[in-house]
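Structure record follows, encoded as structure tokens.
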Amino acid sequence: MTPMSARKHSREGTFPPAPEPLPVAVPDSHTHLDITLEDDGQGGPATVADAVSAASAAGVDRLVQVGCDVESSRWGVEVAAEHPAVVATVALHPNDAARLADLDGALREIERLAAHPRVRGIGETGLDYFRTGEDGRKAQHESFRAHIAIAKRYGKTLVIHDRDAHDDVLAVLDEEGAPDQVVMHCFSGDESFARECLDRGYLLSFAGTVTFGNAAHLRRAAAITPLDGLLVETDAPFLTPTPYRGRPNASYLVPLTVRALADVTGHDLDALCAAISANGDRAFGSWR
């Protein structure tokens, strides 16, 4: 199956070596296999099966393939239907929503895909004020509210992309009424924002960014997040953890972030892994 993605990227170097496996298997709550497979010439996985196998060997036994547009969402549903270790989310990324000529038509297709049993989440959706300026914000808000409604209609977890838009993301969720499960993908806020999200019952998913030298605010946020509020992700092929920052990322590298979270939170590694595993099942259901 050919990977499909509208999100192009540039990673330098080859994929890093595999880390020591985790003692208790966890899910990667947010990955882009379609984009990761584009890097197969850099020593990365050549197929979905390769990616799943490498992740499993590292103690990452479940993957959430995340849609960013209609094309990648369709692809993700097909992959999840073929691979028991993969479930899918479907959505229009906020930056894509802002430049679509037919937003309503794209949203109708996302809703059609949402009904598939292997689709466990609606996302990544939300607001991005970093890459989209004032002229695109109306479309982003319209798309975000539509995705919230779809998640509630189909009983799916909402996966939030939030970049430089913390207050407005919470305001929209409060106004529309959030679904039962909300995941703050690649949590990027500080301790205060973490508390606001946790008070609303949202799960905070930490990526390789928590290992970066300039991310003390993320480590403080992680430190106050209870075990039942934590998820971990790669956002692969992006956000590769230290010491491999800038090289391509993949799900098999999740142990680097989990061990960093264990250091930051002070939790026993086995207990942390068990909690992340349980939280993944709570958010995305059974993979089998």
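Numbering-wise (this note's numbering), the sequence shown opens with residue 59 and increments by one. Every residue, glycine too, gets a C-beta built ideally from N, C-alpha and C. For clarity, every value in this text was computed on a predicted model and none was experimentally measured.
Using a threshold of 8 Å, state whether the C-beta atoms of residue i and residue j are closer than that.
| i | j | result |
| --- | --- | --- |
| Glu-291 | Ser-87 | yes |
| His-90 | Ala-294 | yes |
| Leu-311 | Leu-319 | no |
| Leu-216 | Ala-229 | no |
| Val-435 | Ser-335 | Residue 435 lies beyond the range of the chain shown here (59 to 346); nothing can be said about it. |
| Ala-156 | Gln-123 | no |
| Val-135 | Val-177 | yes |
| Leu-297 | Leu-261 | no |
| Asp-248 | His-275 | yes |
| Asp-154 | Leu-185 | no |
Mind checking who residue i pairs with in its DSSP beta bridge?
| i | result |
| --- | --- |
| Gly-181 | DSSP, once it has assigned bridges, lists no residue as partnering Gly-181. |
| Val-241 | Val-217 and Leu-261 |
| Thr-147 | Val-124 and Gly-179 |
By the three-class DSSP mapping on this structure, what secondary structure does residue i have?
| i | result |
| --- | --- |
| Arg-120 | strand |
| Asp-293 | coil |
| Ser-131 | helix |
| Asp-186 | strand |
| Asp-286 | helix |
| Ala-156 | coil |
| Asp-86 | strand |
| Leu-80 | coil |
| Phe-342 | helix |
| Asn-337 | helix |
| Asp-326 | coil |
| His-141 | coil |
| Ser-63 | Because the pLDDT at Ser-63 is just 44, under 50, the model does not fix this residue reliably, and the value given afterwards should be weighed accordingly. DSSP places Ser-63 in coil when its eight states are reduced to three. |
| Glu-70 | coil |
| Arg-303 | coil |
| Phe-251 | helix |
| Ala-308 | coil |
| Gly-266 | helix |
Would you mind reading off the limits of the alpha helix (DSSP H) that contains residue i?
| i | result |
| --- | --- |
| His-224 | 224–234 |
| Thr-298 | Counting along the chain, Thr-298 falls outside any alpha helix (DSSP H), and DSSP gives it neither H nor E. |
| Val-106 | 106–115 |
| Gln-198 | 192–212 |
| Ala-164 | 161–172 |
| Thr-94 | 91–94 |
| Ala-280 | 274–281 |
What are the boundary residues of the beta strand (DSSP E) that includes residue i?
| i | result |
| --- | --- |
| Thr-323 | Premise fails: Thr-323 lies in the alpha helix (DSSP H), 312–323, not in any beta strand (DSSP E). |
Is the beta carbon of residue i within less than 7 Å of some heavy atom of the ligand SAH?
| i | result |
| --- | --- |
| Leu-297 | This structure does not include the ligand SAH; it has no bound ligands of any sort. |
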